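Quick note: the sequence shown, position 431, residue 585 per this note's numbering, numbers continuous.
C-beta: ideal position from N, C-alpha, C; glycine also.
Since this is a predicted model, take the numbers as computed values, not measurements.
Structure first, then comments.
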Amino acid sequence: MRLSRYFLPVLKETPAEAQIVSHRYMLRAGMIKQNAAGIYSWLPMGFKVLRKLENIVHEEQMRAGHIPMLMPTLQPADLWRESGRYDDYGEEMLRIKDRQGRDMLYGPTNEEMITDIFRSHVGSYKDLPLTLYHIQWKFRDEMRPRFGVMRGREFFMKDGYNFDLTKENALHAYNRHLVSYLRTYERMGLQAIPMRADSGPIGGDDTHEFLVLAETGESEVFYDSAVTDLRFGDREIDYDSHADCAAVMEEFTTKYARTDETHDPALFEQVPEDRRRVARGIEVGQIFYFGTKYSEAMGATVQGPDGKVVPVHMGSHGIGVSRLLGAIIEASHDDKGIIWPEGVTPFHCGIVNLKQGDDEADAACQALYDSLTALGLEPLYDDRNERAGGKFATMDLIGLPWRITVGPRGLKNGVVELTSRRTGESEEMPPEQAVERIAQIYKGLAVRGI
Ligand code: P5A
């Protein structure tokens, strides 16, 4: 993309309403625009990152054997009357009447709707196990929407639902989700720690939240610092193996890690004192096992192998896809701007032309652009007629992990400069070598966006 033809409405001033760094940088880097409290438009660069996160979530869900679909944002109230949650959900639910006077709502989550789909089509244990998911906009009329996309009213969530014949199988689905979530967050360059939590309006006893540690997080968390040494990495896992998934669950959830809702001071005391941590975190996902709560209320049953008709065991599992943008920026920035992890960056590298209009510099930039594009990479070429300082400031703000700087002086010696946004270190090299280096860095990582 050439910056002169893109829509990147960068702000010079820091918007007064933004209290935390991710909100400030998302506004300043022209990624989002607020349309109403907690409701945002995703401008091209914000949309691009959102789509990349969505792609990673899809890839990891499908790797775990989960099946993508799409449910609507608007739901009939009657479904929620069946589960009893229409009245329970309270003020957070946005209630709407259609022209016939029917009660509708903008879905805050989809347990009822998926249970209705399931009961309409599945009647035998032979069709189980089944996990369906979608990535769709949700609405919760939060009392205090704040921190930009972090606590929105309209937000983008991946929500998945498992249907199993037995509790044991449903607990395997729970473990399998934990494993796939660990992989998902790590691909986004994040460490998200599973912590025992409270199930709130979703229900059930077994639930873990995934928290990214950050001072600006809304949840207070208590943990054994040894949990921060755990990495899932690139290990191979058989998602169908109960034992493999249970082993990962045990590895990642045995050490003390809880949110304030389930914190147990007596148990925490048993953690060696030098490893006890009290901090704040951003909740980027949550998994639930709630047994037959919805299937019993709504008549979602199957005939088992013994001929008996039984309600299915279920769980639901969510990832806050739009919130993740904020969480990634909170975890990865400096005082100049965002520092995107390679796995989610909107463009793979920036090209800065120090002397736009100089034939040699223009041609060198164009050649770099063409070579990178031919390799399936997406550079953002700053071809505007601007001072070098302004171009560097924009690149630093928008946070592309790599920058190639091209100027007449370097070109005389046959070199361009390759700079890492994270370390600030620069190296001079021939243009072909810079292309080669960037291709190497993104090997296996290059996801094309929109
Ligand atoms: C699990 C999937 C559920 O709703 N039902 C379907 C279950 N869980 S949850 O924890 O309530 O939400 C899942 C994730 O969505 C994100 N989230 C939000 N993101 C931005 N703004 C909000 N107002 C908001 N509310 C929830 C969180 O990341 C949460 O973990």
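Exercise. Could you check if Asn539 is buried or exposed, using at least 16 other CB atoms within 10 Å of its CB as the buried criterion?
Key: exposed
Quiz item: Which partner residues does Ile347 have in the DSSP bridge list?
Solution: Leu365
Quiz prompt | Reduced DSSP category for Arg341 - H, G, I as helix; E, B as strand; rest coil | solution = helix
Self-check item: CB contact check: Ser195 to chain C, cutoff 8 Å
Solution: Structure shown: chain C not included; a single protein chain is present.
Practice problem: For Gly458, I'd like the list of residues in its chain whose CB is within less than 8 Å of its CB, leaving aside the five on either flank, ordered along the chain. | Solution: Tyr279, Leu319, Val464
Quiz item: According to DSSP, what are the bridge partners of Phe376?
Solution: Arg412, Val432
Quiz item: Starting from Pro198 and walking both ways along the beta strand (DSSP E), at which residues does that stretch end?
Solution: It is not in any beta strand (DSSP E) - Pro198 instead sits in the alpha helix (DSSP H) that spans 198-217.
Exercise. Check whether the Cβ of Glu208 sits closer than 7 Å to any heavy atom of ligand 1, and report yes or no.
Key: no
Quiz item: Going straight from the alpha carbon of Thr382 to that of Gly343, what length do you get?
Solution: 14 Å
Quiz item: Terminal residues of the continuous beta strand (DSSP E) containing Ser278?
Solution: No beta strand (DSSP E) contains Ser278, which DSSP labels as neither H nor E.
Quiz prompt | the region 501-516 / the region 295-315 touching (three or more Cβ pairs under 8 Å) | solution = no
Quiz item: Can you list, in chain order, the residues of its chain whose CB lies under 8 Å from that of Leu282, leaving out five sequence neighbours each side?
Solution: Val276, Phe317, Asp318, Leu319, Asn323, Val456, Val466
Quiz prompt | Range covered by the beta strand (DSSP E) that runs through His471 | solution = 467-474
Quiz item: Any contact of the region 425-440 with the region 466-482, i.e. 3+ C-beta pairs under 8 Å?
Solution: yes
Quiz item: What three-state label does DSSP hand His487 in the structure shown?
Solution: strand
Quiz prompt | Buried/exposed call for Ile193, threshold 16 Cβ in 10 Å | solution = exposed
Quiz item: What residues match up with His396 in a beta bridge as DSSP calls it?
Solution: Its beta-bridge partners do not exist; DSSP assigns none.
Practice problem: Give a single yes or no on whether Arg305 has its beta carbon closer than 7 Å to a heavy atom of ligand 1. | Solution: yes
Quiz item: What do you reckon, are the CB atoms on Ala515 and Leu526 nearer than 8 Å?
Solution: no
Quiz prompt | Closest Cα partner of Glu423 within the set Gly435, Lys409, Arg434 | solution = Lys409
Quiz item: Do Tyr240 and Phe293 have their C-beta atoms within less than 8 Å of each other?
Solution: no
Self-check item: With 16 other Cβ atoms within 10 Å as the buried cut-off, status of Val506
Solution: buried
Quiz item: Mind checking Thr168: buried by the 16 CB within 10 Å criterion, or exposed?
Solution: exposed
Exercise. Within its chain, find whatever has a CB closer than 8 Å to the CB of Asn329; leave out the 5 residues flanking it on each side and keep chain order.
Key: His396, Cys399, Ala400, Val402, Met403
Quiz item: Looking at the structure shown, is Glu482 part of a helix, part of a strand, or coil, going by DSSP?
Solution: At residue 482 the sequence reads Ile, which differs from the Glu that was named. In this structure, Ile482 counts as helix in the three-state DSSP scheme.
Exercise. Could you name the residues that DSSP lists as bridge partners for Phe309?
Key: Lys292
Quiz item: If you run the structure through DSSP and keep just helix, strand and coil, what is Val498?
Solution: coil
Practice problem: Just grab the DSSP bridge partners of Met452 for me. | Solution: Answer is none; Met452 lacks a bridge partner.
Quiz item: Based on the DSSP secondary-structure assignment, which residues constitute the bridge partners of Asn507?
Solution: Val560
Quiz prompt | Boundaries of the alpha helix (DSSP H) in which Leu522 is found, first to last residue | solution = 513-528
Self-check item: Cβ contact check for the region 550-560 and the region 571-583: 3 or more pairs under 8 Å
Solution: yes
Self-check item: Limits of the unbroken alpha helix (DSSP H) element including Asp550
Solution: 542-552
Quiz prompt | Arg356 beta carbon near ligand 1 (any heavy atom closer than 7 Å) | solution = A small correction: the amino acid at residue 356 is Ile; Arg does not occupy that position in the sequence shown. Yes.
Self-check item: Cβ distance (whole Å) where Tyr160 is taken to contact Pro222 below 8 Å
Solution: Between Pro222 and Tyr160 the Cβ distance is about 30 Å, and since that is not below 8 Å, they are no contact.
Self-check item: C-alpha gap between Ala172 and Gly306, whole angstroms
Solution: 13 Å
Quiz prompt | Cβ neighbours of Leu157 in the same chain (closer than 7 Å, five flanking residues each side left out) | solution = Leu534, Tyr535, Asp536, Asp537, Arg538
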